[in-house]
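S.K.: Just so you know, we're using the numbering used here here: the sequence shown kicks off at 7 and counts up by one.
Positions of the beta carbon are idealized from the N, C-alpha and C atoms, including for glycine.
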Amino acid sequence: MREQMKQAEPGSYSKVQIGVDYYPEHWEEAMWEPDIKLMKETGVKVVRVAEFAWSRLEPVEGRFDFAWLDRALDLFHAYGIQVVIGTPTTTPPRWLTTACPDVLPVFADGSVYHPGVRGHRCYNSASLRTYGSRIIEALARRYSSHPAVIGWQTDNEFGMLDCHCDSCNRAFRSWVQAKYSTLERLNSEWGTVVWSGEYSSWEELTVPYGGSPHQNPSLLLDFQRFQWDSCIHFQRRQTEILRAVCPERFITHNFHSYPQRLDMHGLAEDLDVASFDYYPNPAPQKQATAPYSGALSLDLTRGLKRRNFWIMEQLSGPPGCWFPMWRTPHPGLIRAYAWQAIARGADTVVHFRWRSAAAGAEQFWHGLIDHSNVPGRRFAEFAQLCGEVNALAPLLEGTEVTSNAAILYSHEQMAALRIQPQADGLDYYDNIKQYHRALTKLGISCDVIDWRQPLEGYKLAIVPSLYLHDEEAAQRLESFAGNGGTVILTNRSGVKNMNNICLLQPLPGLFSRAAGVTVAEYDPVGHDIHMLVDAAGESFECSQWCDILQPEEAEPVAWYGDDFFAGSPAVTVNRFGAGKVYYIGTHASEAYWLKLLGGIAAEAGLAAFPDLPDGVQAFTRTGEKGELLFLLNLSRGTQSIGLDKHYRSALSGSLVSGIVELSPFAVEILETGV
Ligand code: GLA
Ligand code: ZN
């Protein structure tokens, strides 16, 4: 049924524009029109509303009140501002949680996640399904043809709840039954014989109440998978209603704070466009990392649907409330990070929020306008951004990020590696951050995609720790390498089957065919620093893990420099068909990755922008009319960069070549072919 439903036309979500998050229900109605008028004058084109407004939309059970939202939407429309409506299911109202306590999630120890802030909703609650579907359908009917409404956001920032309520317990049992059919099969696939964990009847099977990681790892992994599916089904009920009632509008969801334990790729399948809530930490001491982890978040969001995306919440002031307040964004930072998002494929960037909340739990997560209610320095910078984006929109629309390199990301690997941490400091996502940071520093554009996605069109695939694996994964990498691709595999690959059971075969399991190497022994060295020496005799630090490698067809390209395994191969490369497969048996320092990737980029013909100074990033968006090169200085220092072509600045119109000086948080957008 889902497939037959009409998807929104891309035109409705591929506009390059700036928006704001606005909460009409938080302000006196007399403030709405002056606010909206100022939005219009500032160049704001879109707002998101209502994602927490259930108690105002349905103040008591079954009595809907849309009059206030009608008036707000009509005002937005009168000023030419478009609207995305959020479904309010993350904030079930008190009348609902009081009448139907099954709406509330239950922690493993039996305590209840009480209402009052938000997120107090179990994805498997039958009452939430009934009442949530009803309010969504009513909203969709009311606004399906409202001229201001262009799209919908499902819920708000899905997260994993680890709910242990009775509904989840029953649903988990059915999920496991559907997956394994018989108890015999379940007992064998989970290896429950160990420590007398065998199930003799389905009633004995429950969610893991112990909450300890020291439980059957196959049960824990399947409990995660069950929760991913619960969230996907929870969202799917919403997208089915919205597509049935309001087929012309797009549907998105605002993902946040990576790494997320969600199956974001599964959730994104049901969306037209993915969104991300982008809050880079503005602290000076974060400037060596925030621009890079931010670039990874943006690339990961683009990878969810493998196309351009939205930012649904963008940093606008000092964040706070959930922790002591962070530093205020330095002059230029708000604008520069918004342009970074656009450079990495965001089309619409919606800033959170128009004005800081005067009440509620989040008074000090600052918006564009402070409690003074006087638009100040940050607002002026935002206004500049709006002007620039509106001027450049015709040039930017239809352009996309194209990459020759991909990092394969897997929430299943991340979950399994968290269920059983392998060594001190070995963190799946932190390691991805390092590989991605090295690519960004080399100016190599990278997509971050689900590990099961096709790899056609790429020249390089970085494949971190495929700890869980199967024949399909091994064959896909073999065919990519066989056809000329370069694959980089890392340690902790090929360890287990997909049910989290260790396999009785040499590491890296099925990947040893393509890697041409096996692991003779390993040492989980954790935080101990070891040495790696490459073929040129250069030494690098390594840590976390040391696989002592035994090359079969592969050639060693780096060796350990110390401990009892000094002289043993640590990194190998194997020619496989027309391509190459690297195997990195340890966690090498960023310096090693920069050298390795720099060499691979030169050899494989990857477009790169070497010699970028610290904090400077270079990204390209390409369209039918040509390329736009974004140079971003995401640091508090002045930086300079040498260009080997002549460009015209799309922002200032001036010709640019040779050495370009970039002041703190400067942005240049350069057109080629001048
Ligand atoms: C998230 C939420 C917003 C807001 C911000 C700031 O991104 O979606 O409603 O709370 O965090 O904390
Ligand atoms: Zn539950």
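1. Applying the criterion that 16 or more other CB atoms from any shown protein chain within 10 Å of the CB defines a buried residue, is T104 buried or exposed?
2. Looking at ligand 1, does it come within less than 7 Å of W371, judged from the CB to the closest heavy atom?
3. Given that a residue counts as buried once 16 or more other Cβ atoms are within 10 Å of its Cβ, and exposed if not, what is Y28?
4. Using three-state DSSP, classify I340 as helix, strand or coil.
5. Less than 8 Å between the beta carbons of R383 and P337, yes or no?
6. Could you check where the alpha helix (DSSP H) with G86 kicks off and where it finishes?
7. With hydrogens ignored, establish whether the beta-carbon of D283 is closer than 7 Å to any heavy atom of ligand 1.
8. Leaving out five residues on either side along the sequence, give the residues of the same chain with a beta carbon under 6 Å from the beta carbon of E403.
9. Who sits around ligand 2, taking every residue whose Cβ is closer than 6 Å to one of its heavy atoms?
10. Can you round the beta-carbon distance between I647 and L612 to whole angstroms, since I take them to be within the 8 Å contact cut?
11. For N489, does the count of other Cβ atoms within 10 angstroms reach 16, so buried, or fall short, so exposed?
12. I'd like the ranges of any beta strand (DSSP E) spanning at least 3 consecutive residues and lying wholly in the stretch 340–388.
13. With burial defined as no fewer than 16 other Cβ atoms inside 10 Å of the residue's Cβ, what is the status of L603: buried or exposed?
14. Taking only the alpha-carbon atoms, compute the straight-line gap between G393 and M45 and give it to the nearest angstrom.
15. Given 7 Å as the limit, tell me if F329 has its C-beta closer than that to any heavy atom belonging to ligand 1.
16. With 16 as the cutoff for other CB atoms within 10 Å, does N506 come out buried or exposed?
17. Hey, A289 and W328 are a contact pair by Cβ (cut 8 Å); roughly how many whole angstroms apart?
18. What does a CB cutoff of less than 6 Å around E667 pick up in its chain, not counting 5 residues either side in sequence?
19. When burial is assigned at 16 or more other CB atoms within 10 Å of the CB, is T354 buried or exposed?
20. Residue range of the beta strand (DSSP E) that M537 falls in?
21. Cβ of H357 within 7 Å of any heavy atom in ligand 1?
22. Distance, Cα to Cα, S139 vs I247?
23. Can the beta-carbon of W158 be found closer than 8 Å to that of T93?
24. Do you know whose CA, among A84, M420, G621, lies nearest D436's CA?
25. Report all residues from its chain with a CB closer than 8 Å to the CB of A399; omit the five preceding and five following residues, and keep chain order.
26. Is it the case that the Cβ atoms of G567 and S545 are separated by a distance below 8 Å?
27. Note down, in chain order, each residue of its chain lying with its Cβ closer than 6 Å to the Cβ of L134, except the 5 sequence neighbours on either side.
28. Taking DSSP as the reference, what is the three-state secondary structure of W60?
29. If you drop the 5 nearest sequence neighbours on each side, which residues of the same chain put their C-beta closer than 6 Å to that of S669?
30. Using 10 angstroms around the beta-carbon of G17, count the other beta-carbons present and answer buried if the total reaches 16, otherwise exposed.
31. Return the first residue and the last residue of the beta strand (DSSP E) that G157 is part of.
32. Would you mind working out which of Y598, E275, P65 sits nearest K447, comparing C-alpha positions?
33. Please report how far the alpha carbon of A411 lies from the alpha carbon of Y441, in whole angstroms.
34. Cβ-heavy atom distance between E368 and ligand 1 below 7 Å?
35. Taking the alpha-carbon positions, what's the W38 to L391 distance?
36. Going by Cα to Cα distance, which pick from A144, L226, Q266 is closest to A250?
M.R.: Quick look at the numbers:
1. exposed
2. yes
3. Around the C-beta of Y28, 16 or more other C-beta atoms lie within 10 Å, and the residue is accordingly described as buried.
4. Assignment of I340 by DSSP, reduced to helix, strand and coil, places it in the helix class.
5. yes
6. Unbroken run through G86: none, as it is neither H nor E.
7. yes
8. Excluding sequence neighbours, E403 sits near V22.
9. So the residues near ligand 2 by this Cβ test are P111, C128, N130, C169, C171, S173, C174.
10. About 19 Å separates the two Cβ atoms, so there is no contact after all.
11. By the 10 Å Cβ count, N489 comes out exposed.
12. Runs of the beta strand (DSSP E) spanning 3 or more residues and lying entirely within the stretch 340–388 occur at 352–357, in chain order.
13. buried
14. For G393 and M45, the distance between alpha carbons rounds to 12 Å.
15. no
16. buried
17. Between W328 and A289 the Cβ distance is about 15 Å, and since that is not below 8 Å, they are no contact.
18. The answer, listed in chain order, is S646.
19. buried
20. 523–540
21. no
22. 7 Å
23. Taking 8 Å as the Cβ cut-off, W158 and T93 qualify as a contacting pair.
24. M420
25. K21, V22, Q23
26. yes
27. V109, R127
28. helix
29. T644
30. exposed
31. 155–159
32. Y598
33. 11 Å
34. Yes, since a heavy atom of ligand 1 falls inside the 7 Å radius drawn around the Cβ of E368.
35. Cα-Cα distance, rounded: 23 Å.
36. A144
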